Each structure stands twice: as structure tokens, then as C-alpha cells.
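J.: There's a structure below that I have some questions on.
2 protein chains.
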Amino acid sequence: MKHSRSASGAAAATMAAAALFVSAPAAAQHPAPELAALRSAVRGYRTTHEGAIVRELAALLAIPNLAHDSLGIRRNADALISLLQRRGLTTRLLETPGAPPVVFGELRANGARRTVILYAHYDGQPVDASDWATPPWSPTLRTGTLADGGTVVSLPGDSAAHIDAESRLYARSAGDDKASIIAMLAALDALRASGIAPTVNIRLLFEGEEEAGSPHLAEILRRNATLLQGDVFLLCDGPDHQSGRQQLLFGVRGITGLELTVFGPTRALHSGHYGNWAPNPAVLLAHLIASMRDDDGRIAIAHYYDDVGPLSAAEHAAIRALPVPDTALRRSLGLATTESDDALLAERIMLPAINVRGIRAGAVGAQAANAVPTEARASFDFRLVPNETPAHVRDVVNAHLRAQGYFVTSDSVTMAMRLAHPRIARVQWDSAGYPASRTRMDLPISRAVIRAVSDGIGSAPLVVPSMGGSAPSYLFEKALHMPVVIVPIANYDDNQHAANENLRIGNLWNGIDLYAGIFARLAADWPATQR
Amino acid sequence: MKHSRSASGAAAATMAAAALFVSAPAAAQHPAPELAALRSAVRGYRTTHEGAIVRELAALLAIPNLAHDSLGIRRNADALISLLQRRGLTTRLLETPGAPPVVFGELRANGARRTVILYAHYDGQPVDASDWATPPWSPTLRTGTLADGGTVVSLPGDSAAHIDAESRLYARSAGDDKASIIAMLAALDALRASGIAPTVNIRLLFEGEEEAGSPHLAEILRRNATLLQGDVFLLCDGPDHQSGRQQLLFGVRGITGLELTVFGPTRALHSGHYGNWAPNPAVLLAHLIASMRDDDGRIAIAHYYDDVGPLSAAEHAAIRALPVPDTALRRSLGLATTESDDALLAERIMLPAINVRGIRAGAVGAQAANAVPTEARASFDFRLVPNETPAHVRDVVNAHLRAQGYFVTSDSVTMAMRLAHPRIARVQWDSAGYPASRTRMDLPISRAVIRAVSDGIGSAPLVVPSMGGSAPSYLFEKALHMPVVIVPIANYDDNQHAANENLRIGNLWNGIDLYAGIFARLAADWPATQR
Numbered sequence: 312m313k314h315s316r317s318a319s320g321a322a323a324a325t326m327a328a329a330a331l332f333v334s335a336p337a338a339a340q341h342p343a344p345e346l347a348a349l350r351s352a353v354r355g356y357r358t359t360h361e362g363a364i365v366r367e368l369a370a371l372l373a374i375p376n377l378a379h380d381s382l383g384i385r386r387n388a389d390a391l392i393s394l395l396q397r398r399g400l401t402t403r404l405l406e407t408p409g410a411p412p413v414v415f416g417e418l419r420a421n422g423a424r425r426t427v428i429l430y431a432h433y434d435g436q437p438v439d440a441s442d443w444a445t446p447p448w449s450p451t452l453r454t455g456t457l458a459d460g461g462t463v464v465s466l467p468g469d470s471a472a473h474i475d476a477e478s479r480l481y482a483r484s485a486g487d488d489k490a491s492i493i494a495m496l497a498a499l500d501a502l503r504a505s506g507i508a509p510t511v512n513i514r515l516l517f518e519g520e521e522e523a524g525s526p527h528l529a530e531i532l533r534r535n536a537t538l539l540q541g542d543v544f545l546l547c548d549g550p551d552h553q554s555g556r557q558q559l560l561f562g563v564r565g566i567t568g569l570e571l572t573v574f575g576p577t578r579a580l581h582s583g584h585y586g587n588w589a590p591n592p593a594v595l596l597a598h599l600i601a602s603m604r605d606d607d608g609r610i611a612i613a614h615y616y617d618d619v620g621p622l623s624a625a626e627h628a629a630i631r632a633l634p635v636p637d638t639a640l641r642r643s644l645g646l647a648t649t650e651s652d653d654a655l656l657a658e659r660i661m662l663p664a665i666n667v668r669g670i671r672a673g674a675v676g677a678q679a680a681n682a683v684p685t686e687a688r689a690s691f692d693f694r695l696v697p698n699e700t701p702a703h704v705r706d707v708v709n710a711h712l713r714a715q716g717y718f719v720t721s722d723s724v725t726m727a728m729r730l731a732h733p734r735i736a737r738v739q740w741d742s743a744g745y746p747a748s749r750t751r752m753d754l755p756i757s758r759a760v761i762r763a764v765s766d767g768i769g770s771a772p773l774v775v776p777s778m779g780g781s782a783p784s785y786l787f788e789k790a791l792h793m794p795v796v797i798v799p800i801a802n803y804d805d806n807q808h809a810a811n812e813n814l815r816i817g818n819l820w821n822g823i824d825l826y827a828g829i830f831a832r833l834a835a836d837w838p839a840t841q842r
Numbered sequence: 312m313k314h315s316r317s318a319s320g321a322a323a324a325t326m327a328a329a330a331l332f333v334s335a336p337a338a339a340q341h342p343a344p345e346l347a348a349l350r351s352a353v354r355g356y357r358t359t360h361e362g363a364i365v366r367e368l369a370a371l372l373a374i375p376n377l378a379h380d381s382l383g384i385r386r387n388a389d390a391l392i393s394l395l396q397r398r399g400l401t402t403r404l405l406e407t408p409g410a411p412p413v414v415f416g417e418l419r420a421n422g423a424r425r426t427v428i429l430y431a432h433y434d435g436q437p438v439d440a441s442d443w444a445t446p447p448w449s450p451t452l453r454t455g456t457l458a459d460g461g462t463v464v465s466l467p468g469d470s471a472a473h474i475d476a477e478s479r480l481y482a483r484s485a486g487d488d489k490a491s492i493i494a495m496l497a498a499l500d501a502l503r504a505s506g507i508a509p510t511v512n513i514r515l516l517f518e519g520e521e522e523a524g525s526p527h528l529a530e531i532l533r534r535n536a537t538l539l540q541g542d543v544f545l546l547c548d549g550p551d552h553q554s555g556r557q558q559l560l561f562g563v564r565g566i567t568g569l570e571l572t573v574f575g576p577t578r579a580l581h582s583g584h585y586g587n588w589a590p591n592p593a594v595l596l597a598h599l600i601a602s603m604r605d606d607d608g609r610i611a612i613a614h615y616y617d618d619v620g621p622l623s624a625a626e627h628a629a630i631r632a633l634p635v636p637d638t639a640l641r642r643s644l645g646l647a648t649t650e651s652d653d654a655l656l657a658e659r660i661m662l663p664a665i666n667v668r669g670i671r672a673g674a675v676g677a678q679a680a681n682a683v684p685t686e687a688r689a690s691f692d693f694r695l696v697p698n699e700t701p702a703h704v705r706d707v708v709n710a711h712l713r714a715q716g717y718f719v720t721s722d723s724v725t726m727a728m729r730l731a732h733p734r735i736a737r738v739q740w741d742s743a744g745y746p747a748s749r750t751r752m753d754l755p756i757s758r759a760v761i762r763a764v765s766d767g768i769g770s771a772p773l774v775v776p777s778m779g780g781s782a783p784s785y786l787f788e789k790a791l792h793m794p795v796v797i798v799p800i801a802n803y804d805d806n807q808h809a810a811n812e813n814l815r816i817g818n819l820w821n822g823i824d825l826y827a828g829i830f831a832r833l834a835a836d837w838p839a840t841q842r
């Protein structure tokens, strides 16, 4: 899919971003020439180093990076330390027993009074290599997407001058999330080559088990709270807007997960001989799911919405200002309609959601036997909005199951339990869930980040109150007491978490511009009197 | 599970069976010594040939027998022809293009004026070998059931004198339905060894695609109607009563099947970014299933019960006379309750039923991805009672899906179709469904079969108006114009249609007694003046 930019959408978003600056007196203080010089310098460096930048990314992508592969993870961490030291950063490996090391790097700026922390992760989602067109850790450049028939081309030499922006680099973590790391480093290189000094202290934090649910992140942040002090935390992960536009996101949905199993007879029974006598667990499960939410996503569980607050006027306004990709998305996805009468995607992801990830009971198709299955299982993910907690979701869902007549247990189901309870629901709640978080978009630092990004890329980014996906932002807020802004650079069609993950090269160029803007402009865009 | 016999249940059933003989004047004409001699001769033969009989069954079970595996099926048919020829039967393979051959064998009795046709099937249900304790086509003898910790023992030698009746032989089709075939042949051997001649002409008919829905059976019967003439058709398939008692069944439920698929986006979508915007097919399917029937088996589809008639007084009486295994069954199956407030199993199987055989959508457990699945599929079997037809079931279910807002198609789902219809239900109806059938229990031939079985096994069988399971009895009635009686010999806990199918060896011994009774006694029990 091409990243065509809607002119009317861009205009609307510029207006929305501009509205956030109305009360920012610093907005007019930065003369255009300085910005033009910055952009020209960064672009000039990049266009003469495209081959070297892509090769540096490809070398990093070639190192297998599954969180549980401790040898591969260690190789990634060592490579990252080298990349940082080569740029003159002070580095440390933050070690925690049983966890991949967190890579830390620091670059102090002369006279800087503000510190920005940039987070990315260097581990990747599990792969099923058989689904990939080329191996996941053999970075492969194509002239375009696989879907559009992009053909493989050699990686350019270090001195190659130009790589087409529509090229795609295929590899695990190409978009999620190693591109962010290389873009940060290339931005530092571009500034240094141009004699432009960062105006803020820079602290980089690269995690190695984000895709495994960040089980040690809270502990690592707590242990290193002093080292990680700063004024704003930029979570550099995720894809751009479905319109292809740069976006900044000020929140995430929280998440928790559930495996729910209901039970029939202890052995599969002939469906003729026992067919409407033995309880059918697939039918029981269908009724349970139907009782939890309707086809339009409305949740019917008592007290589910009790702790959900309304959107602020600023959030409403920001959503209304976003481009609307819905119609094009529906067309590409084969959907005649979407939930709740084609309600806007941007509005829907501001709501709590229950998603059924999967159902398994008996068998279908050629494997189907005429039998009453012994059990039926469903897997759910719950997306949380601010004020909701995983504990509350767990409590109201468990209560709902009980209200449907189920004995709820998280233990193994014994014969005694079966004979004591007409209906049993086994619940296995995800222990790694976390709540949502949102940063106010009208804080001075929020405005400064929007402005610095705009300075870097030369156009106003889209400003989104929250993304639909989840990230552990709450950990940074809670442990480090900093506002969090999400700064994604990958293309939205990067197949993240799936086979044939890829990065659109133009998105890497855009990322370099963006980080250069933050490093060079954030202090100037952030009046000293405000915080 | 042990097959303890309830004395009170047996007494009640004997009374019920006796009631059917009140008008049968032949009942007293057979002197006890003849019966005692028959039973003694058959038992004597069997006890000295137990090893050989079980080995012959095991050899037949070792041949893979899925209906679509044409090579395996042909090997089964060839083996059966050999087994019949070895006993002096005239044999034929009834061939139909694209179908497994039907094995036919005939043994004429001197002076016999009546012909009995015995039907069995030699194909088996599909297997998922990973669910089996031992491979499905590696017949394995155990000292008892797997559930009771039965341990594997070697198959006995041909000259082994005694195999414990509580032993179990594990293999696909051990109970369903190869045991019936071997029991018939061993009964012929026992009579021949004892110098007892059959009193009826015997025609054996072994089908090779019963578990695939008998798609060619009607055509085969029509083509061979002359060859298959006879006075009564014994359908030798199915399990014994849950009380462990021998039963004869005078009806079956009909059956049809459906694979139902509903659709979400054409590619799996991140459940955070698209989580309550894209329709979730697993949720749609759950609501559809919930709309079709409740947890208690009550069908909520309009006009579903329109053509269902009431039971006759004789059928009511027969049901009331049966032993009630429900409480013991519930206990063994880990069910605190059964559908519709513990309503009697024997009553429930006289009703129409919708069974969900399986559901597949997305993934669960460790494989679950935080994604909206692309489609969800359910497999159903529908059990029909007299007067219902597969066509009517199909029509009212399709109409129900439309009433829920679905576009119903049996074609492949195209992009144009997706974009034209908010909801699409793809229905793949089983083309091999068939209606129910019931034979009157008070016909002279019905009484004669009850009596001959009683003569063979030495006790009155239970008399059941209809079984819950399905068999294509209607085809025999329609094509061959004969009354059909079902004569099952397998243990009710044989795991038929499931993993670890097994035959209780005592049930094989009982089957030999039973068929010997039919072969040797049916003419005597069947007054010449009656039909």
C-alpha cells in the first residue's frame, strides 16, 4: 500500500496541532532560517550516507533477538553498546538476574537544563520462519512490498548515495523496533557532522524483553531511578498513522488477558447417543461469550464501565481533527461495515474492549467427529482505558461468570469439583497485565515535543490522545514520575508481530529528521519558565 | 467401568420384553434342552478358541480403514472376502464408481424359507493419532480400561484358552463396527463345529463408508435390490445399553451436518489498534450459536419443531420399562447435572437435537496472538426424529441465519461479496444426511428377533423404540422394503468416534452367542403363518 498523503487531512491536522500552540509564547521565537538550516543539514548528511545507514540497520537486524534467546540477546546488547560508544556516549548495561540486559547510553549537552529519555526495545516477536518469504534474520531489501511484487535488490554499499524511499527492508524488528534505534544514532551523526549541538541531555534506554511482556522492567526502573531521571520520556515504538502521516500519541490502552475453559463430559460422547443429554461445552462457551459482549463491542458485564471516565474536550477535538482512514481501511480489509454502525476507528480505540483471540472446542471440517466435546476454551484480551485496572476487570468478569451460574476456579478441575458444580469456568488470568495511561496534551512539555518534531520533519505531526494498542507507559510514569509521549516512526503496514515484518525506507529517513528535531530543538521549544 | 447388571432393571426389562410376546403362540414351542444345547455348544466352541477369535479381530483392526483412503479400504474389503470364503460363503464385491466396495456374502440354509440380512460397516471414524494412548491401527489388548489403569498385555496365541471378559481391545473400529463382523463369523464357526445348521438363509452386507455418511449406499442398494432381498434387515452396529445390558433398537435418529463459517477482516488485525472497530468473527459465531439453541438443548430456530410428532403409547411404555443409567452415567462422566434439569436420557434421545461438534477461531493458550481473527468456523450435527427431513432442517437453519442479518452462501467468499454484505455466513451442508426411521415393535418379525436373541444370549434383551444415534435404516426400508432392527453388541463405553476406541472382550463373547441364536433360532421363533 502506498503512503499517499491526504491534503485535506494534513490541513486539518495542522490546524489541530496549531491549536495546541496558541498559548505557547515561544512558538514565534525561532526564526525560520535556523529551522531551514537544521533541516537542510540533516537531509544533506542523510542523502550522502544512505547506504551506510541502511547497512548499519541491516547489521543490527541480522542478530537474532528473541527475548528468551540469551546468547542472541547478549550479542544484540554488545552491538548496541559499540554503536553508542562509537558516537561518544557514556554507556552501561543495566543487568537484572534472569533478564536481558537493558542498554543505557548518555550524551550530556553543554549547558543543557533539560533531559530527554528515549526508550526503544531491541528484542523482537517470536517468528515462524516457514511463513517468511526470506529468513527473519537475513535482512532483505526489496523495491517495494511483497504484496505489490517488490523484488529483492542487493544491500547498497556504504557509499551508495540514494535508496528509494518506497523500498522495504524485510527482517524481524525492522519496524518494531530497531529502526527507531538506528534513526536516533543517525540523527546524532547528522548533527555532529553539521556542527549542531544537542540542546538537551540525551539518555537512551533500550529494553531486551518488551515483546515478552517486559516482566522485569518495573524492577529495572526502580533500581535505576536516579540514573533515569529526566523531564520527558519518549517511548519510541509503534507505527505511524494509517494515513501514512507522522503521529505523536499521548496515551495507550492497558491490557490483560484471560484463558477461559468450560467443561462437558470427561470423555467425548457420541453426539447421537448422548446428544441432547450431556451438556455441550462449545454451546456453553458460545452463550458465555454472547453474554459478555454484543456483536458491536458493547460490553454487557455488570460494572464493567463503572470506572471509565469521559474524554476531555481537548481529546475530543484532537480526535475530530485526525484524518479518517476508515473507508479505505474497510475496503482493503473486505469489511462492508465495522462495529457500531461504522463508528470512527479513532473513537472506538478510546473505549474499553473485549477481544476474543481464539476459540477451541472439538474439531471442525474433515476432523469433525459426531461427538460432544469434553471442553471448550476461549482466549481473550481486554483493552483498558484510564482508571480501569486489570484487577477490576478480573473481578467483574469473574463475578459475571458466577452470575451465569458458573463455579469459577483457577485450579485444575478435579472429578470432585465436577460432581459438585453443574457448571465450572476455569480462569487463567494473565499476570502481566497493566493499566492504561495518558499524558495531557496541553502540558508545556507536550507542546514542546509536538513543536520539536514539527521542526525536525517540517510539517505538523498528527496529535492522538491515545493509541489503541498497549505499551507499559504506566511503568515509566509510576517509577520515573515523567510524562510519556509515544513517538513512532515505522510504517503502519510493517507487519509488526507477524511474518514478513518490514520497514519502509522513507520512514527511516523521516525518523532521522524527527530525532534531529528533538535533539536540536526541544530546549528552544520549551520555555524555561514552564514545565 | 464395570458392567454390573442391575437386577431390578433386568426384571423390569424382562417384563417389557415378555409383554411383546403375549400374542406370539410360538413362544412355548421350543423345548429348553434344544436351547441349552445350542448355548452350551456355542460357549464350548468359543472358550476353546478365544485366542484365535481375538487374533482374527486384531488382524482386521490393523488395516487402516478411513473411507477416503481407497488403498486401505480395498485392503479391508479383500481381507473380508477372504474371511467369508474361508467359511464357505458365496461372496461378491459390490462396486460403485468412486465408492468403497460393499462386501457381500451369502450362506443358504437347506429348506429355509426365510432370509435374514445382516449389515455392518468396516470403515472407521477419522482419527487424531496424537490423542491416542496407542496408535489407532495397532490393536492393543489391556487388562481393563485406560481410565481404570488397564495395562497392556500381549495378544494371546491362537491356542489361548481364556481371555478375561473385562479386557479391552483398543483400536479404531474395535467397537464400531468390526467387532460385529467377527462375532458373526465366529458364530458361524461355532455352529458348524457343533453340527448345528442355520435355519435361515444368511446374507451379509459390509459397507465401507458408513462413517463418511454412506453417500453411495442408496445407489448400491438400488442396483443390487434383487441380490439383497430378504425378510428382515438386521443393522448390526452401535453400543449396548448404558446399563451394560443387551438391547435391540427399533429406530434411529436421522442426521445431517453443517460447517458454518463467519468472517472478519481479510487479514488478522492487531487487537489493540483495531480491537473494537473490526468485527470479531469469533464473537459473531458465539452469538449465532447462542441464537440457535440454549444450554439445555431447546432449539430456538423458527419452525424447527413444526414437523415433529408425538411418541406412541407403546413407545412411551417401552421407554418407561428401561433401566435408568442416568445417575451412574453422570457420576462416571463428571457431570453434576445434565441438560433440561436431569431429564431422562431415554427421553432426550427421542427429541430433535443440535450438537456443536467443534469451533475453530484464531488461537488459544501459548499460540494466542493479540489479534482479531479472520474467520470463525463451527461444525454441527443435527439429529432428526421421524417426519423431520434434512431438507427442512437446512431450510429453517438457513432462514434463521438470514433472520440474524447474514447473507447465506455455500460458495467461496469473494472480496466483492464481503464488501456487499455486512455479515456473511458460509454454509456447507452435508450432502449425505438422511431422515430418522422406526420399525413397529409388535410386528411378528420384531417379536421373532427379540426371541431369537433371547435364545442366543439366555436372557431377555432390552427393547428400545429408538436409539439416539443415527444409521441409514431409512435406506433399507425404502430400497429393500424390509423392517429394520438394530442389533448392537459393543460396550457402551467403547469411545466410538473418539480417541482410544475399544471393545470389551466380554461383549465380543456375547455377540457370538447372539448371532448364533439368530442363525439357529430365528426360523423356529417365527411362525410360518406370520410375517
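First to last, the protein sequences are chains A and B. Take any residue in the first sequence, note its place counting from 1, add 311, and you have its number in the working numbering. Take any residue in the second sequence, note its place counting from 1, add 311, and you have its number in the working numbering. For glycine and all other residues, C-beta sits at the position ideal for the given N, C-alpha and C. Source: prediction; values computed, not measured.
1. Going residue by residue through the region 540-626 of chain B, where are the continuous alpha helix (DSSP H) segments of at least 4 residues, counting only ones entirely within it?
2. Does any C-beta atom of chain A lie closer than 8 Å to the C-beta of residue 587 (chain B)?
3. Mind listing which residues of the region 667-685 of chain B have their C-beta closer than 8 Å to chain C's C-betas, in chain order?
4. For residue 608 (chain A), go through chain B and note every residue whose CB falls closer than 7 Å to its CB, in chain order.
5. Using only the alpha-carbon positions, how far apart do residue 715 (chain B) and residue 560 (chain A) sit?
6. Going by the beta-carbon positions, is the gap between residue 605 (chain A) and residue 597 (chain A) smaller than 8 Å?
7. Quick check for students: name the residue ranges of the alpha helix (DSSP H) that lie wholly in the region 628-659 of chain B, counting only runs of 4 or more.
8. So, at 8 Å on beta carbons, what are the nonlocal neighbours of residue 603 (chain A) in its own chain, with the 5 sequence-adjacent residues on each side left out?
9. Could you work out which residue in A:743, A:688, A:838, A:750 is closest to residue 525 (chain A) when comparing CA atoms only?
10. Please classify residue 495 (chain A) as buried or exposed, where buried requires at least 16 other C-beta atoms within 10 Å of its C-beta.
11. Between which two residues does the beta strand (DSSP E) carrying residue 692 (chain A) extend?
12. Give me the DSSP bridge partner(s) of residue 672 (chain B).
13. Flag residue 521 (chain B) as yes if its beta-carbon sits less than 8 Å from any beta-carbon of chain A, otherwise no.
14. Which residues, taken in chain order from the region 727-740 of chain B, show a beta carbon closer than 7 Å to some beta carbon of chain A?
15. How many angstroms separate the CA atom of residue 676 (chain B) from the CA atom of residue 532 (chain B)?
16. Kindly confirm or deny that the region 765-779 of chain A and the region 714-734 of chain A touch, where touching means at least three C-beta pairs closer than 8 Å.
17. Spell out whether any CB of chain A is found under 8 Å from the CB atom of residue 463 (chain B).
18. Roughly how many angstroms separate the alpha carbons of residue 341 (chain B) and residue 835 (chain B), rounded to a whole number?
19. Mind pulling the chain A residues with CB within less than 7 Å of residue 436 (chain B)?
20. Could you tell me which residues DSSP pairs with residue 452 (chain B) in its beta bridges?
21. Please name the residues in the region 630-651 of chain B whose beta-carbon is closer than 9 Å to at least one beta-carbon of chain A, in chain order.
22. Drop a sphere of 10 angstroms on the beta-carbon of residue 406 (chain A), count the other beta-carbons inside from all chains shown, and report buried for 16 or more, exposed for fewer.
23. For a test of the three-state rule: what should DSSP assign to residue 507 (chain B), helix, strand or coil?
24. Beta carbons nearer than 7 Å to chain A: which residues of the region 775-791 of chain B have them?
25. Going straight from the alpha carbon of residue 640 (chain A) to that of residue 779 (chain B), what length do you get?
26. What's the gap between the Cα of residue 512 (chain A) and the Cα of residue 837 (chain A)?
27. Starting from residue 851 (chain B) and walking both ways along the alpha helix (DSSP H), at which residues does that stretch end?
28. Please report the straight-line C-alpha distance between residue 403 (chain B) and residue 409 (chain B), rounded to a whole angstrom.
29. Report the three-state DSSP secondary structure of residue 377 (chain B) (helix, strand or coil).
30. What does residue 591 (chain A) reach in chain B if we use C-beta pairs closer than 7 Å?
31. For residue 433 (chain A), which option in A:393, A:749, A:519 has the closest C-alpha, if you only look at C-alpha atoms?
32. Along the chain, where does the alpha helix (DSSP H) that runs through residue 367 (chain B) open and close?
33. Note down, in chain order, each residue of its chain lying with its Cβ closer than 7 Å to the Cβ of residue 828 (chain A), except the 5 sequence neighbours on either side.
T.: In short, the structure shows the following:
1. 592-603
2. Here residue 587 (chain B) is taken as the residue at index 276 of the second sequence, counted from 1. Judged by the 8 Å Cβ criterion, residue 587 (chain B) is in contact with chain A.
3. No chain C is present in this structure, whose protein chains are A and B.
4. If you number the first sequence from 1, residue 608 (chain A) lands on position 297. Those within 7 Å of residue 608 (chain A) in chain B are 587.
5. The residue given as residue 715 (chain B) occupies position 404 in the second sequence. The residue given as residue 560 (chain A) occupies position 249 in the first sequence. For residue 715 (chain B) and residue 560 (chain A), the distance between alpha carbons rounds to 39 Å.
6. Working through the first sequence from its first residue, we reach residue 605 (chain A) at position 294. Working through the first sequence from its first residue, we reach residue 597 (chain A) at position 286. No; because the gap between Cβ atoms is not below 8 Å, this pair is not in contact.
7. 637-644, 650-653, 656-659
8. Looking up residue 603 (chain A) in the first sequence gives position 292. Counting only Cβ-Cβ distances below 8 Å, and skipping sequence neighbours, we find 610, 611, 612, 665, 708, 711.
9. Locating residue 525 (chain A) in the first sequence gives position 214, counting from the first residue. When only C-alpha atoms are compared, the closest one is A:743.
10. Along the first sequence, one-based indexing puts residue 495 (chain A) at 184. Residue 495 (chain A) should be labelled buried.
11. As a working note, residue 692 (chain A) is residue 381 in the first sequence. Here the beta strand (DSSP E) through residue 692 (chain A) covers 686-695.
12. Position 361 of the second sequence holds residue 672 (chain B). Note: residue 672 (chain B) sits in a beta bridge opposite A:670, B:687.
13. Residue mapping note: residue 521 (chain B) aligns to position 210 of the second sequence, counting from 1. Not an interface residue.
14. 729, 730, 731, 732, 733
15. Residue numbering aside, residue 676 (chain B) sits at position 365 when the second sequence is read from its first letter. Residue numbering aside, residue 532 (chain B) sits at position 221 when the second sequence is read from its first letter. Those two C-alpha atoms are separated by around 49 Å.
16. no
17. Here residue 463 (chain B) is taken as the residue at index 152 of the second sequence, counted from 1. Chain A has no Cβ within less than 8 Å of the Cβ of residue 463 (chain B).
18. If you number the second sequence from 1, residue 341 (chain B) lands on position 30. If you number the second sequence from 1, residue 835 (chain B) lands on position 524. In this prediction, residue 341 (chain B) has a pLDDT of 36, which is less than 50 and means its spatial position is unreliable; what the coordinates show is noted afterwards. Approximately 8 Å between the Cα atoms of the pair.
19. Along the second sequence, one-based indexing puts residue 436 (chain B) at 125. Residues of chain A passing the Cβ test: 680.
20. If you number the second sequence from 1, residue 452 (chain B) lands on position 141. Residue 452 (chain B) is bridged to B:464, B:480.
21. Listed in chain order, the positions of the region 630-651 of chain B with a beta carbon within less than 9 Å of a beta carbon of chain A are 637, 640, 641, 642, 643, 644, 645, 646, 647, 648, 649, 650, 651.
22. For this step, residue 406 (chain A) is matched to residue 95 along the first sequence. By the neighbour-count rule (16 or more Cβ atoms within 10 Å), residue 406 (chain A) is not buried but exposed.
23. Numbered from 1 along the second sequence, position 196 holds the residue referred to as residue 507 (chain B). Of the three classes helix, strand and coil, the one that applies to residue 507 (chain B) here is coil, per DSSP.
24. 778, 779, 780, 781
25. Taking the first residue of the first sequence as position 1, residue 640 (chain A) is located at position 329. Taking the first residue of the second sequence as position 1, residue 779 (chain B) is located at position 468. Roughly 49 Å between the two C-alpha positions.
26. To locate residue 512 (chain A), count along the first sequence from 1; it is residue 201. To locate residue 837 (chain A), count along the first sequence from 1; it is residue 526. Using only the alpha carbons, I get a separation of about 14 Å.
27. Here chain B comprises residues numbered 312 to 842, so residue 851 (chain B) is not present and cannot be evaluated.
28. Start at 1 with the first residue of the second sequence, and residue 403 (chain B) comes out as number 92. Start at 1 with the first residue of the second sequence, and residue 409 (chain B) comes out as number 98. For residue 403 (chain B) and residue 409 (chain B), the distance between alpha carbons rounds to 18 Å.
29. To locate residue 377 (chain B), count along the second sequence from 1; it is residue 66. Strand at residue 377 (chain B).
30. Taking the first residue of the first sequence as 1, we reach residue 591 (chain A) at position 280. Per Cβ cutoff of 7 Å: 666, 667.
31. Start at 1 with the first residue of the first sequence, and residue 433 (chain A) comes out as number 122. Nearest C-alpha to residue 433 (chain A): A:519.
32. Taking the second sequence and counting its residues from 1, the one referred to as residue 367 (chain B) is at position 56. Taken as a continuous stretch (DSSP letters only), the alpha helix (DSSP H) holding residue 367 (chain B) covers 361-372.
33. Start at 1 with the first residue of the first sequence, and residue 828 (chain A) comes out as number 517. Closer than 7 Å at Cβ, skipping near neighbours: 763, 764, 766, 767, 768.
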